[in-house]
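Chemist: Quick one: the structure is below, questions incoming.
Chains as they are written, first to last, in this note's numbering: chain A, 1 to 379; chain B, 380 to 738.
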């Protein structure tokens with residue numbers, strides 16, 4: 001049985017094991033509907049998006065060849081930032097999830113895709129697809145919970161270093177692609193002797209090679225090709241990478257850190273059924289509300305709940321699935337956590353700041369919560 | 380002098396390619412070129428130029444291959460990779476054109492019942508579509524020098540490689556007999572062309588309409604073609620026909636004069652489980668179809684990659700070389716014919732018949 005961590009009022013106490021399996025069956029049926037209707041229009045969507053992104057990247061880089069003219073710099077930098085965000089989020093993340101493997105196109109396949117990010121595809125897929133998506137929000141197992149650096153849940157132990165976690169989080173935001181790469185190397189696991197030296201150092205080599213290649217492209221080749229516009233092009237590329245970093249960091253913080261998202265203990269997932277796994281994904285994720293542009297720019301991680309329930313369904317279908325999923329939450333008396341991007345980002349930051357100080361005294365925290373109306377009684 | 384120029388040009392070209400690769404990583408320059416020139420030299424694709432109906436259930440596709448296409452020998456086949464409802468499916472088709480000056484090629488496709496690709500190509504493909512193209516391959520071609528007397532024994536779409544040979548080389552063939560079986564006269568592929576050749580005396584055509592007259596037997600073949608012993612023979616069609624002709628020629632000791640092409644079986648055997656062969660490790664296990672391939676392989680000591688073991692992480696994907704598997708979550712069947720190499724997740728797919736895994 002899935003159990004939440006030590007909470008006074010469990011948000012799933014009212015559910016029987018039969019309810020949980022019924023939820024699983026309903027979600028399976030929703031998944032089945034999408035699989036049955038998956039076809040040419042979905043394939044056209046991802047191919048069109050990839051063509052748009054590549055054209056945008058090519059066009060932006062071409063414009064940056066004359067980036068000494070400010071309008072060119074602005075247009076090129078905006079275009080390149082958008083292109084990098086699309087490439088990482090709606091394309092790279094989702095292709096590497098296997099969302100498009102069903103097309104059997106070797107060029108758009110999880111086993112062959114490489115993205116414009118410091119973390120090589122194979123390391124990222126292991127850390128993200130295998131660990132984070134399997135052990136979502138399980139304390140001590142899912143290192144996405146604070147990336148092993150920060151405390152983002154009351155149940156995580158506090159240490160003095162965490163006083164500075166708002167600062168870490170800010171710095172990590174600026175260099176997020178490198179943060180992801182370091183994270184995917186699983187340094188902690190290596191130091192604890194649970195990852196062999198060979199495996200670790202081969203990972204380090206892969207990361208360094210990828211970082212070098214990307215840096216050569218953005219900070220040497222394209223600036224040199226720009227001739228007299230070398231310095232503005234360099235600045236444009238740095239800017240685009242930082243914009244991409246800030247955006248992806250913000251989107252990803254919104255996925256599991258905002259108020260209302262639940263965490264789970266290691267013991268609670270022993271012998272977990274499919275229904276219980278689904279339930280953990282439902283409670284462990286948060287959505288971002290907004291329009292179509294927001295959804296595309298977040299790689300549809302604005303539908304984080306749907307993504308965690310169905311990580312291998314094509315991202316363009318989360319939107320149509322969301323109302324059915326939300327209805328299921330309502331039917332079973334569960335809280336569908338969602339909010340606008342500014343609201344969710346603020347909520348995640350508030351948690352990181354609040355948890356940078358120790359909270360051993362739970363009653364004190366609860367009072368604080370109630371006063372600030374930050375968290376429901378369940379927390 | 381000339382040599383210096385060309386080698387420095389080569390060096391410049393190599394340097395440009397390196398810069399282009401450094402500028403486009405992690406993609407390749409080719410990924411961008413695909414946006415504007417999908418049929419450039421070095422790619423393996425074709426654009427559909429025309430769809431010409433043949434019989435009520437078949438059509439000839441005129442294709443322009445990528446630049447640098449290797450000219451085929453008539454009788455050879457190509458593999459077409461076609462996106463049907465978003466899914467890339469591969470099938471082999473015989474080339475029906477001689478080598479043409481404009482570089483275009485044709486294949487003639489007959490609709491197979493429940494055949495996703497053939498149905499798509501005959502009924503839904505549109506001029507301008509781009510398909511993947513591999514080949515040409517195959518040794519079912521005319522011998523060189525051309526035989527003095529030739530016999531072609533075909534049935535159904537087994538005529539397709541033969542029509543390519545005849546179109547290319549009929550002028551050089553003095554004595555040709557074609558024994559072709561089809562359900563009815565209207566079902567004879569290239570019927571008008573074959574009959575015109577026959578009435579011009581360029582070939583002797585024997586049509587067998589199986590709906591009325593039943594299937595051709597080898598005894599009948601010997602009666603129809605009395606000088607069978609002296610004819611270089613090409614046979615192509617369903618396995619029943621090819622097996623019968625092979626048997627006859629073996630019995631008579633004429634096998635060295637027989638060339639055959641068999642249709643690749645498209646539908647794999649479906650059932651509850653079957654033998655699973657892990658091609659790289661050489662292990663074979665008899666599976667009842669109740670457990671995922673990953674578990675079957677692990678129990679047999681095969682080293683397989685795995686991740687979440689529940690179908691979400693795609694860490695366990697390997698090619699299914701041949702056979703059928705069933706998704707244990709929803710029962711969806713995935714089928715692969717030899718050469719397809721369909722990528723499947725081993726953790727949620729169980730054998731649904733005999734299958735071969737590239738692991």
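We put the beta carbon where it would ideally sit given N, CA and C, even for glycine. Nothing here was measured: the structure is a model prediction, and the numbers come from that model.
Determine the contact status of residue 530(B) and residue 610(B), defining contact as a CB-CB distance below 7 Å.
Modeler: As a working note, residue 530(B) is residue 151 in the second chain. As a working note, residue 610(B) is residue 231 in the second chain. It is a contact, given that the beta carbons lie within the stated cut-off.
Chemist: Verify whether the separation of the beta carbon atoms of residue 136(A) and residue 239(A) is less than 7 Å.
Modeler: Position 136 of the first chain holds residue 136(A). Position 239 of the first chain holds residue 239(A). Not in contact: residue 136(A) and residue 239(A) (Cβ atoms no closer than 7 Å).
Chemist: So within the segment 476-503 of chain B, which uninterrupted beta strand (DSSP E) runs reach at least 3 residues, ignoring any that extend past its ends?
Modeler: Runs of the beta strand (DSSP E) inside the segment 476-503 of chain B: 484-489.
Chemist: If you check the beta carbons only, do residue 560(B) and residue 595(B) fall under 7 Å apart?
Modeler: Position 181 of the second chain holds residue 560(B). Position 216 of the second chain holds residue 595(B). Contact flag set, yes.
Chemist: Note the first and the last residue of the continuous beta strand (DSSP E) segment covering residue 469(B).
Modeler: The sequence position of residue 469(B) within the second chain is 90, counting from 1. Per DSSP, residue 469(B) belongs to the beta strand (DSSP E) from 466-473.
Chemist: Take residue 249(A) and list the residues in its own chain whose beta-carbon comes closer than 6 Å to its own, dropping the five residues that flank it on each side.
Modeler: Residue numbering aside, residue 249(A) sits at position 249 when the first chain is read from its first letter. Cβ neighbours of residue 249(A) beyond the five flanking positions: 173 and 176.
Chemist: Inspect the beta-carbon positions of residue 481(B) and residue 427(B) and report whether they are closer than 7 Å.
Modeler: For the purposes of this step, residue 481(B) is taken as the residue at position 102 of the second chain. For the purposes of this step, residue 427(B) is taken as the residue at position 48 of the second chain. Taking 7 Å as the Cβ cut-off, residue 481(B) and residue 427(B) do not qualify as a contacting pair.
Chemist: Rounded C-beta distance between residue 657(B) and residue 738(B)? I'm assuming under 8 Å.
Modeler: Here residue 657(B) refers to the residue found at position 278 of the second chain. Here residue 738(B) refers to the residue found at position 359 of the second chain. Yes, they are in contact, since the Cβ atoms of residue 657(B) and residue 738(B) sit about 5 Å apart, within 8 Å.
Chemist: How is the alpha helix (DSSP H) around residue 540(B) delimited, first residue to last?
Modeler: As a working mapping, residue 540(B) is identified with position 161 in the second chain. From DSSP, the alpha helix (DSSP H) with residue 540(B) extends over 538-548.
Chemist: Please check if any C-beta of chain A sits within less than 7 Å of the C-beta of residue 698(B).
Modeler: What you label residue 698(B) is simply residue 319 of the second chain in a count that begins at 1. Not one chain A Cβ lies under 7 Å of residue 698(B).
Chemist: For a test of the three-state rule: what should DSSP assign to residue 158(A), helix, strand or coil?
Modeler: What you label residue 158(A) is simply residue 158 of the first chain in a count that begins at 1. In this structure, residue 158(A) counts as coil in the three-state DSSP scheme.
Chemist: Mapping DSSP to helix, strand and coil, what is residue 108(A)?
Modeler: Locating residue 108(A) in the first chain gives position 108, where the first residue counts as 1. It is coil, neither helix nor strand.
Chemist: Shorter than 7 Å from the beta carbon of residue 414(B) to some beta carbon of chain A?
Modeler: As a position in the second chain, residue 414(B) is number 35, starting the count at 1. For residue 414(B), the answer is yes, since a Cβ of chain A falls inside 7 Å of its Cβ.
Chemist: Anyone know if the C-beta pair for residue 458(B) and residue 445(B) falls short of 7 Å?
Modeler: Sequence index remark: in the second chain, residue 458(B) carries index 79 (1-based). Sequence index remark: in the second chain, residue 445(B) carries index 66 (1-based). Contact flag unset, no.
Chemist: Going along the chain, which residues of its own chain have a beta-carbon closer than 8 Å to the beta-carbon of residue 707(B), five neighbours each way excluded?
Modeler: For the purposes of this step, residue 707(B) is taken as residue 328 along the second chain, with counting starting at 1. Once the five neighbours on either side are set aside, the close Cβ partners of residue 707(B) are 671, 727, 728 and 729.
Chemist: Between residue 130(A) and residue 142(A), what straight-line distance do the alpha-carbon atoms span, to the nearest angstrom?
Modeler: Taking the first residue of the first chain as position 1, residue 130(A) is located at position 130. Taking the first residue of the first chain as position 1, residue 142(A) is located at position 142. Those two C-alpha atoms are separated by around 10 Å.
Chemist: Name the residues in the segment 221-251 of chain A whose C-beta lies less than 8 Å from a C-beta of chain B; which are they?
Modeler: If the cut-off is 8 Å between Cβ atoms, the segment 221-251 of chain A has 221, 222 and 225 near chain B.
Chemist: Pull up the distance between the alpha-carbon of residue 214(A) and that of residue 116(A), whole angstroms please.
Modeler: Here residue 214(A) is taken as the residue at index 214 of the first chain, counted from 1. Here residue 116(A) is taken as the residue at index 116 of the first chain, counted from 1. One C-alpha to the other measures close to 7 Å.
Chemist: Mind listing which residues of the segment 407-431 of chain B have their C-beta closer than 9 Å to chain A's C-betas, in chain order?
Modeler: The residues in question are 410, 411, 413 and 414.
Chemist: Which residues, taken in chain order from the segment 144-169 of chain A, show a beta carbon closer than 7 Å to some beta carbon of chain B?
Modeler: So nothing in the stretch comes that close.
Chemist: Can you tell me the Cα-Cα spacing of residue 237(A) and residue 401(B), whole angstroms?
Modeler: Within the first chain, the letter at position 237 stands for residue 237(A). Within the second chain, the letter at position 22 stands for residue 401(B). Distance between the alpha carbons of residue 237(A) and residue 401(B): 15 Å.
Chemist: Output needed for residue 646(B): all residues of its chain with C-beta closer than 6 Å, excluding positions within five of it in sequence on either side, in chain order.
Modeler: Numbered from 1 along the second chain, position 267 holds the residue referred to as residue 646(B). Model confidence at residue 646(B) stands at a pLDDT of 43, short of 50, so the residue's coordinates are unreliable; what they give is reported in the following sentence. Excluding positions up to five away in sequence, the list is empty.
Chemist: Should the segment 574-582 of chain B be called in touch with the segment 606-626 of chain B, which here means at least 3 C-beta pairs below 8 Å?
Modeler: Cβ pair count under 8 Å is below three, so no.
Chemist: If you run the structure through DSSP and keep just helix, strand and coil, what is residue 53(A)?
Modeler: Taking the first chain and counting its residues from 1, one reaches residue 53(A) at position 53. Correct three-state label for residue 53(A): helix.
Chemist: Listed in chain order, which residues of the segment 312-328 of chain A have Cβ atoms closer than 7 Å to some Cβ of chain B?
Modeler: Answer set for the segment 312-328 of chain A: 312.
Chemist: Any C-beta of chain A sitting closer than 7 Å to the C-beta of residue 692(B)?
Modeler: Residue 692(B) sits at position 313 when you count from the first residue of the second chain. Chain A contact via Cβ: present.
Chemist: What are the uninterrupted segments assigned as alpha helix (DSSP H) that are 4 or more residues long and contained completely in the segment 529-612 of chain B, given in chain order?
Modeler: 538-548, 570-578, 589-592 and 597-603, all fully within the segment 529-612 of chain B.
Chemist: Based on the DSSP output, what are the partners of residue 746(B) in its beta bridges?
Modeler: The shown model of chain B, from 380 to 738, leaves out residue 746(B), and the question about it has no answer.
Chemist: Would you give the residue range spanned by the alpha helix (DSSP H) that residue 260(A) belongs to?
Modeler: Position 260 of the first chain holds residue 260(A). Premise fails: residue 260(A) is in no alpha helix (DSSP H) and is neither H nor E.
Chemist: Pick helix, strand or coil for residue 462(B), following the three-state DSSP scheme.
Modeler: For this step, residue 462(B) is matched to residue 83 along the second chain. In the structure shown, residue 462(B) sits in a strand (DSSP, three-state: E or B).
Chemist: Considering only DSSP beta bridges, list what residue 615(B) is partnered with.
Modeler: Within the second chain, residue 615(B) is the residue found at index 236, counting from 1. DSSP output for residue 615(B) lists 533(B) and 640(B) as bridge partner(s).
Chemist: From residue 413(B) to residue 16(A), what does the alpha carbon distance come to, in whole angstroms?
Modeler: Looking up residue 413(B) in the second chain gives position 34. Looking up residue 16(A) in the first chain gives position 16. If you take the alpha carbons of residue 413(B) and residue 16(A), they lie about 54 Å apart.
Chemist: Hey, is the segment 326-337 of chain A in contact with the segment 277-288 of chain A, meaning 3+ C-beta pairs nearer than 8 Å?
Modeler: Verdict: yes, contact present.
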